[in-house]
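Asker: Each protein sequence line maps, in turn, to chains A and B. Using my numbering, the first residue of the first sequence is number 1, and each one after it goes up by one. Using my numbering, the first residue of the second sequence is number 150, and each one after it goes up by one.
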Amino acid sequence: MMTKVELETFVEGTTHYFETAANQPASVGSPYIVQDGKPTVQEFTGVISIAGKRRGIVYFTASRPMLTVMLMRMGETELTQENMCDLVGEVANTISGNARRDFGKDFMISVPQVVAGEPEKVAPPDNMRSFVIPINWRSHSAQLVVCLE
Amino acid sequence: MASATAQAQPHLAGKLKLMICDDSNIIRRKIERELKIDRLQVISTASNGRLAVEAFKKEPADVVTMDITMPEMDGIECVEKLVALKPDVLILIISALSDKSTAIEALKRGANGFLCKPFTDRQLTEAIAELLRGAQS
Numbered sequence: 001m002m003t004k005v006e007l008e009t010f011v012e013g014t015t016h017y018f019e020t021a022a023n024q025p026a027s028v029g030s031p032y033i034v035q036d037g038k039p040t041v042q043e044f045t046g047v048i049s050i051a052g053k054r055r056g057i058v059y060f061t062a063s064r065p066m067l068t069v070m071l072m073r074m075g076e077t078e079l080t081q082e083n084m085c086d087l088v089g090e091v092a093n094t095i096s097g098n099a100r101r102d103f104g105k106d107f108m109i110s111v112p113q114v115v116a117g118e119p120e121k122v123a124p125p126d127n128m129r130s131f132v133i134p135i136n137w138r139s140h141s142a143q144l145v146v147c148l149e
Numbered sequence: 150m151a152s153a154t155a156q157a158q159p160h161l162a163g164k165l166k167l168m169i170c171d172d173s174n175i176i177r178r179k180i181e182r183e184l185k186i187d188r189l190q191v192i193s194t195a196s197n198g199r200l201a202v203e204a205f206k207k208e209p210a211d212v213v214t215m216d217i218t219m220p221e222m223d224g225i226e227c228v229e230k231l232v233a234l235k236p237d238v239l240i241l242i243i244s245a246l247s248d249k250s251t252a253i254e255a256l257k258r259g260a261n262g263f264l265c266k267p268f269t270d271r272q273l274t275e276a277i278a279e280l281l282r283g284a285q286s
């Protein structure tokens, strides 16, 4: 069973990114569990795979409008598909870095993979429930999805 | 996509030459924007360690910002190669790998400082200023 502390590490990694890189804190919405079926996948998704003490995936998924505003807040003028992929990859990278720091060698964490516009490629393992944590920033909402056994 | 740029800048007398190595385009561009200060001139950018070594061989930099997790050649291996080419190069690791063992490993291989991602503009300029102060003392 995933612990509250483990979940908080992933959430903290995500909110820290907004506060530091986009210069504006995000708020965390009410988490919910997806027991059957597939959790939300938006247009751009950064995915990390986890093995070892826990097995599964963690991903951050966001819309183009949200990423556009984030890039602008970061001073970026090239609002391209490549840069939006980069951005979700960097958020996932930060989540991954936090997890490595907090969990140590118990968790083997992959390099982030970015999926753009192909939600079927984001595949949580079968028969596992997913925790979905809404990440609200300005008028936008992204999701952090934690699917670990 | 892997990329590297290098331009000869023979007119840069007195300025320190900066190379930026990170597989993220937005991070390379952010660092470039923030570090366009009087004492630094960006001479090259690279999206992985292998391309960084190639660019460095063509024109060695005085200061390097270096990511760790990159395709083809990671930042730790790249640091070792750059230091072998130019022992007095100043290298600031900029990485999301915030665990102590990664920082220690990078410093052992020859890096001079460590900045965790994500970072604010101020944290970046302060980390570079500290790197340069350390070189002077």
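Yeah, the Cβ is synthetic: ideal placement off N, Cα and C, and Gly gets one too. Here the structure is a predicted model, which means the values were calculated and not measured.
Quick check on G259/B: does DSSP put it in helix, strand or coil?
Answerer: Translated into positions along the second sequence, residue 259/B becomes position 110. It is coil, neither helix nor strand.
Asker: Shorter than 8 Å from the beta carbon of P267/B to some beta carbon of chain A?
Answerer: In the second sequence, counting from the first residue as 1, residue 267/B sits at position 118. Yes, P267/B lies at the interface with chain A (some Cβ there is under 8 Å from its Cβ).
Asker: At 3 residues or longer, what runs of the beta strand (DSSP E) sit wholly inside the region 164 to 213 of chain B?
Answerer: Whole beta strand (DSSP E) segments, 3+ residues: 165 to 170 and 189 to 195.
Asker: Using the C-alpha atoms, what's the distance from D86/A back to E275/B?
Answerer: Reading the second sequence from its first residue, position 126 is the one you call residue 275/B. Reading the first sequence from its first residue, position 86 is the one you call residue 86/A. Each residue's Cα considered, the two are about 25 Å apart.
Asker: Measuring alpha carbon to alpha carbon, tell me which of S141/A, L144/A, S139/A and I133/A ends up nearest Y32/A.
Answerer: Numbered from its first residue, the first sequence carries residue 32/A at position 32. When only C-alpha atoms are compared, the closest one is I133/A.
Asker: Since Q42/A and A62/A should fall inside the 8 Å C-beta cutoff, what is the C-beta to C-beta distance between them, to a whole number of angstroms?
Answerer: Position 42 of the first sequence holds residue 42/A. Position 62 of the first sequence holds residue 62/A. That pair is a contact at about 6 Å.
Asker: Taking the alpha helix (DSSP H) that S96/A belongs to, which residues open and close that run?
Answerer: The residue given as residue 96/A occupies position 96 in the first sequence. Counting along the chain, the alpha helix (DSSP H) containing S96/A begins and ends at Q81 to F103.
Asker: In the DSSP assignment, what are the bridge partners of A62/A?
Answerer: Here the question's residue 62/A lines up with position 62 in the first sequence. DSSP output for A62/A lists F44/A as bridge partner(s).
Asker: If the cut-off is 8 Å on Cβ atoms, which residues from the region 34 to 53 of chain A count as contacting chain B, listed in chain order?
Answerer: Those residues of the region 34 to 53 of chain A that come within reach of chain B (Cβ to Cβ, closer than 8 Å) do not exist; the list is empty.
Asker: From the DSSP output, which residues share a beta bridge with I109/A?
Answerer: Within the first sequence, numbered from 1, the residue matching residue 109/A stands at position 109. According to DSSP, I109/A bridges with I50/A.
Asker: Within the continuous alpha helix (DSSP H) that includes V228/B, where are the two ends?
Answerer: Within the second sequence, the letter at position 79 stands for residue 228/B. V228/B -> alpha helix (DSSP H) spans G224 to L234.
Asker: May I have the straight-line CA-CA distance separating C147/A from L264/B, to the nearest angstrom?
Answerer: Your numbering for residue 147/A matches position 147 in the first sequence. Your numbering for residue 264/B matches position 115 in the second sequence. Approximately 30 Å, taken between the alpha carbons.
Asker: Per DSSP, L148/A is paired with what?
Answerer: In the first sequence, residue 148/A corresponds to position 148, counting from 1. Paired residue(s): G56/A.
Asker: Listing by chain order, which chain A residues have their CB less than 8 Å from the CB of K179/B?
Answerer: Looking up residue 179/B in the second sequence gives position 30. Neighbours of K179/B on chain A, chain order: M74, G75 and E76.
Asker: What is the C-beta distance between V228/B and A195/B, in whole angstroms, given that I count them as a contact (C-beta under 8 Å)?
Answerer: Locating residue 228/B in the second sequence gives position 79, counting from the first residue. Locating residue 195/B in the second sequence gives position 46, counting from the first residue. 13 Å between Cβ atoms; not a contact.
Asker: Note down, in chain order, every chain A residue with its Cβ under 8 Å from the Cβ of N261/B.
Answerer: Taking the second sequence and counting its residues from 1, one reaches residue 261/B at position 112. Here the premise fails: no neighbours, minimum Cβ distance about 20 Å.
Asker: Tell me which residues share the same chain as W137/A and place their Cβ nearer than 6 Å to its Cβ, disregarding the 5 neighbours each side in the sequence.
Answerer: Counting from one through the first sequence, the residue named residue 137/A turns up at place 137. Taken in chain order, the residues that qualify are F18 and A26.
Asker: Is the CB of L246/B under 8 Å away from at least one CB in chain A?
Answerer: If you number the second sequence from 1, residue 246/B lands on position 97. So yes, L246/B belongs to the interface.
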